[in-house]
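Heads up: the structure comes next, in structure tokens.
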Amino acid sequence: MIFSVSLYRYGELLCLASALTLVLLTITVVWRPFGIGSIIQGVSNPAIFDQSLSLILNFMSVIFLLVIFLIQNANQEYSPRLSMLIFKDKYLIGVLVFILGFSAFNLTGLYLDWASPYDLISYVLSIIAVLLIGAIILFTGYFLNISNIVDYVTDRMLRKIDPRNIYSTWRPLVPEHDEEFTEDLVKDVHLLFSTGSRAIEKDQREVFESTLNSISEVSDRYLEQTSGEITNDDFINEIANYFEFLIRTALEEDSRQKYLDDIAEAMGDIALSIVEHRDMGGQSQMAGHLLKSMKDLFFKSYGLDLTSVGHVCIDKIDEVSVAALEDGDYSSYNYYNSHLDDIADICAEAKQYYSALLLQRALNKYQWQYVKLVQLLLDEKLAVEEWQIRDFFDDLASRFNEATSETSLSQEQLLYAALYGANSFNWKLKRADIQGIENPRIERITKDYLEEYIDFHHRILTTDIGNKHSSSYSVFPEMLYLVCYKIELSDEFESELLKQINDNWLDYIEQYYQHCIEEDEGVYSKVEESMMDYYALQIIFHREDKESLQEFTGDFVNLYSNLPKNQDGRWGDAVNRSLYKHLKLYGCWLSLSFDVQKDFPKLFDVLVSDFQDVVQRGKALPASPTQKFGYASKHGGDWVRPWTMSGSQVWGSKVQYAISAEMNQNFGQDNQLHHELAEGIEGADKPRERQYRWFHFELKTRHDIRSAVAQGAALREYLSHSENTR
0 MIFSVSLYRY
10 GELLCLASAL
20 TLVLLTITVV
30 WRPFGIGSII
40 QGVSNPAIFD
50 QSLSLILNFM
60 SVIFLLVIFL
70 IQNANQEYSP
80 RLSMLIFKDK
90 YLIGVLVFIL
100 GFSAFNLTGL
110 YLDWASPYDL
120 ISYVLSIIAV
130 LLIGAIILFT
140 GYFLNISNIV
150 DYVTDRMLRK
160 IDPRNIYSTW
170 RPLVPEHDEE
180 FTEDLVKDVH
190 LLFSTGSRAI
200 EKDQREVFES
210 TLNSISEVSD
220 RYLEQTSGEI
230 TNDDFINEIA
240 NYFEFLIRTA
250 LEEDSRQKYL
260 DDIAEAMGDI
270 ALSIVEHRDM
280 GGQSQMAGHL
290 LKSMKDLFFK
300 SYGLDLTSVG
310 HVCIDKIDEV
320 SVAALEDGDY
330 SSYNYYNSHL
340 DDIADICAEA
350 KQYYSALLLQ
360 RALNKYQWQY
370 VKLVQLLLDE
380 KLAVEEWQIR
390 DFFDDLASRF
400 NEATSETSLS
410 QEQLLYAALY
420 GANSFNWKLK
430 RADIQGIENP
440 RIERITKDYL
450 EEYIDFHHRI
460 LTTDIGNKHS
470 SSYSVFPEML
480 YLVCYKIELS
490 DEFESELLKQ
500 INDNWLDYIE
510 QYYQHCIEED
520 EGVYSKVEES
530 MMDYYALQII
540 FHREDKESLQ
550 EFTGDFVNLY
560 SNLPKNQDGR
570 WGDAVNRSLY
580 KHLKLYGCWL
590 SLSFDVQKDF
600 PKLFDVLVSD
610 FQDVVQRGKA
620 LPASPTQKFG
630 YASKHGGDWV
640 RPWTMSGSQV
650 WGSKVQYAIS
660 AEMNQNFGQD
670 NQLHHELAEG
680 IEGADKPRER
690 QYRWFHFELK
700 TRHDIRSAVA
710 QGAALREYLS
720 HSENTR
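For the sequence shown, numbering that gives the first Met the number 0 begins at 0 and goes up steadily by one.
Given below as structure tokens:
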């Protein structure tokens, strides 16, 4: 391609050299004061006129052959109009004018029997003719590549797209298009589309890509040079219609499917340019036409296996929708995004692996759209009503639950990964950086947005509650962490959000345990792990707020007390005992900062009334102190590290290990809470001495003790650091 472009440039240089030679000749003949004319007088060859005419005839023969070759190449391969446009080139026209003038000069000289200096002029003109033959050959080599002709045509179109040509009268308030110019421009762009269609048929990708790039460039220039107030534009509408012909050509044969990706990319880029260059409200019809064509293309190409155009359509529709949001045009956003909604609805109903892949991509787009809405709200650029956010999440939850019901495990994993896997929804929300809100109205609306967000995840987890993917269970601990630590709102709004999270979490746990009892199923270990993470975070973030912990503890105890007891079946009371172990572990961690019997009497009484001492069977030692004392245990715990908080992108490894070290402090050999519960109220009245010995029987050296103390203080140090706290 670089070589081909250079051919045209070299041809230009030869033409310029010829023009310069002609100028020097004129100066030589006319400018006589320096005696140049006397030198010319001594040189004479009248036969040059006859010889020059022979050269011209040969020159014209070469040009004729090259022209015929170019016309045949363009006409046979593509369109006759391409060859016609070639001969509008200024250099080719200049060469033609030179040939006519040169011929007339030599004929006149031969007839009048001119002598010096005219014979010398004829000689110099002959040299110029030789240079121009070289230029013509170079131009021919350049135009043999059809993509170069397309680029040449595009340059001509770009130069004439100017407000002085576009508008017949320039009235800023009511600009009026020049219909004749618009018709000519439509004809030119039709030539580009027909060339692209022919390139698809002939499988010439270079020409096709050049054509699409040209269409995008012409559209961008036109949109830049026209008024942003225009709501309906014949030229843009014609471009949208012409894309249908390209799509139809690409769908005719399987081997042409690879071109669909590029077509969708170009349509999306033009729609995005419309949004950028048209005023709010004036963009919907024009950009919407292109997006509808993209949606139709998605459905037409759904069963094809040699293209990824479905992914491209989702990406581009989302890109245009988000651009409308950034312009503050929520109405246009809704219209554009409705095409993505239609795609997502079909993918949710299809229940196929490929549809799950596409829906996974769409779900990621929806998540980033919500984050964008939050960011625009914080920047005070766009605020939408609470019901609009509710509708957004209602539709999203409906699609997700529809897609994950009665589907295969592999499809389910894809969809849950979109919300709760790597770069989860919570991780995306964390990047919105909801802090430092000074406007009370914006703060209130932000709280409303977050309430709908919390309810959305509650709807997801409580639908078909026994068949959730393991990745989803971390969502409540992560939301608790975000609200307590990363999202900065007023105390009132923060309390409301925390209460909502607690209520939703407790409701989910209650429904899940009820399900396990009714279906006679065991409690899934991932649910138990998320429970430990949740109430560990509760204690860490509220250890200075005893009233909040007491309220949460009361609800937690009520949940346990309301579960049916003495169940028959394979699991018996194992489900109830599981929740009791969690209450006991929760109480153990509370005892790090509080007197459980005094400050949380309801919890203490329940733990005492349902207490069952742990009976060691056989000679095997318990794997960890949590097992020894009958607490909820996490798989993989040992005597050195009984419990480790689950890893998460939301809180990171530093918080994970700091909280783990903090909560592991109270699992000493002589666990005090366990013995107080065993001894009942009488034992609990004895003076309390907190156990901060952190597995003293495992620590052998001073280095071990110092490490243990450092780990125990790690969380306080981390949370007090100026860069990581409010």
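We put the CB at the ideal spot given by N, CA and C, even for glycine.
Compute the beta-carbon to beta-carbon distance between E385 and E451, rounded to the nearest angstrom, for a pair I have assumed lies under 8 Å.
E385 to E451, Cβ: 7 Å. Contact.
Should the region 585 to 603 be regarded as contacting the region 512 to 527, the criterion being three or more beta carbon pairs within less than 8 Å?
Too few Cβ pairs lie closer than 8 Å, so no.
Where does Y301 sit, in a helix, a strand or coil, going by DSSP?
Y301 falls in the coil class under three-state DSSP.
Closest to I658 by C-alpha separation, out of N575, V605, Q537 and Q549, would be which residue?
For I658, the nearest C-alpha among the options comes from Q537.
Check whether the Cβ atoms of V649 and Y419 sit closer than 8 Å, and answer yes or no.
It is not a contact, given that the beta carbons lie outside the stated cut-off.
What span of residues does the alpha helix (DSSP H) with N561 cover, start to end?
Start and end: K545 to N561.
So, at 8 Å on beta carbons, what are the nonlocal neighbours of I441 in its own chain, with the 5 sequence-adjacent residues on each side left out?
Taken in chain order, the residues that qualify are L376, L377, E379 and A382.
Using the three-state DSSP reduction, which class does Y523 fall into: helix, strand or coil?
If DSSP states are grouped into helix, strand and coil, Y523 belongs with coil.
Excluding the 5 residues preceding and the 5 following G10 in the sequence, name in chain order all residues of the same chain whose CB lies nearer than 6 Å to its CB.
If we look at G10 and ignore the five residues flanking it on each side, its Cβ neighbours are A134, L137 and F138.
Applying the criterion that 16 or more other CB atoms from any shown protein chain within 10 Å of the CB defines a buried residue, is K467 buried or exposed?
K467 should be labelled buried.
Quick check on Y332: does DSSP put it in helix, strand or coil?
If DSSP states are grouped into helix, strand and coil, Y332 belongs with the helices.
Give me the Cα-Cα distance between E325 and K371, rounded to the nearest whole angstrom.
Whole-angstrom Cα-Cα distance: 8 Å.
Mind reading off the beta-carbon distance from I433 to I486? Whole number of angstroms is fine, and I expect it under 8 Å.
Between I486 and I433 the Cβ distance is about 5 Å, and since that is below 8 Å, they are a contact.
Which of helix, strand or coil does DSSP assign to C630?
Note that residue 630 is Tyr in the sequence shown here, rather than Cys. DSSP places Y630 in coil when its eight states are reduced to three.
Which residues bound the alpha helix (DSSP H) around R587?
The question names Arg, yet the displayed sequence has Cys at residue 587. Per DSSP, C587 belongs to the alpha helix (DSSP H) from A573 to L589.
Could you pull out every residue in the same chain whose Cβ sits closer than 6 Å to the Cβ of K427, ignoring the five residues on either side in sequence?
Closer than 6 Å at Cβ, skipping near neighbours: Q366 and V370.
Apart from the five residues on each side of it in sequence, which residues of its chain come closer than 7 Å, Cβ to Cβ, to L271?
Cβ neighbours of L271 beyond the five flanking positions: E318, V319 and A322.
Using CA coordinates, which residue listed in I92, L143, Y559 and D544 is at the minimum distance from D604?
If we check each option's Cα against that of D604, Y559 comes out closest.
Evaluate V482 with the Cβ neighbour count: other Cβ atoms within 10 Å of its Cβ, from every protein chain shown; 16 or more gives buried, anything less gives exposed.
Burial call: buried.
Between the Cα of D393 and the Cα atoms of I459, L124 and M662, which residue gives the shortest distance?
Of I459, L124 and M662, the residue nearest in Cα terms is I459.
Only counting the same chain, and skipping five residues up and downstream in sequence, which positions put a Cβ closer than 8 Å to that of T700?
Model confidence at T700 stands at a pLDDT of 33, short of 50, so the residue's coordinates are unreliable; what they give is reported in the following sentence. Result list for T700: empty, nothing under 8 Å.
Identify the continuous alpha helix (DSSP H) that holds V373 and give its terminal residues.
Residues Y352 to L377.
How would you call K87, buried or exposed, if buried means at least 16 neighbouring beta carbons within 10 angstroms?
K87 should be labelled exposed.
Just mark V96 as buried or exposed, buried being the case when its beta carbon has 16 or more other beta carbons within 10 Å.
Answer is exposed; the Cβ neighbour count stays below 16.
As a quick exercise: from D454, G195, L449 and D502, pick the residue whose alpha carbon is nearest that of L488.
Out of D454, G195, L449 and D502, L449 has the C-alpha closest to the C-alpha of L488.
How long is the line joining the alpha carbons of D490 and H457, rounded to whole angstroms?
Approximately 23 Å, taken between the alpha carbons.
Please work out which residues of its chain come closer than 7 Å, Cβ to Cβ, to H702, disregarding the five sequence neighbours upstream and downstream, and give them in chain order.
Since pLDDT at H702 reaches only 38, below the 50 mark, its modelled position is unreliable, and no value is offered.
Compute the Euclidean distance between the alpha carbons of K350 and V607, then round it to the nearest angstrom.
Cα to Cα, the separation comes out at about 50 Å.
In whole angstroms, what separates the C-alpha of L184 from that of F234?
Approximately 8 Å, taken between the alpha carbons.
For D390, tell me which candidate among E437, D340 and K429 has the shortest Cα-Cα distance.
Among E437, D340 and K429, the Cα nearest to that of D390 is on D340.
Am I right that A416 and M531 are in contact with their C-beta atoms under 8 Å? What's the rounded C-beta distance?
23 Å between Cβ atoms; not a contact.
Tell me which residue opens and which closes the alpha helix (DSSP H) that A239 is part of.
Its alpha helix (DSSP H) spans residues D233 to L250.
How long is the line joining the alpha carbons of Y164 and E411, rounded to whole angstroms?
The question names Tyr, but residue 164 in the sequence shown is Asn. Each residue's alpha carbon lies about 57 Å from the other.
Beta-carbon within less than 8 Å of R430's beta-carbon, same chain only, minus the 5 sequence neighbours each way: which residues are those?
Within the same chain, R430 has close Cβ partners V370.
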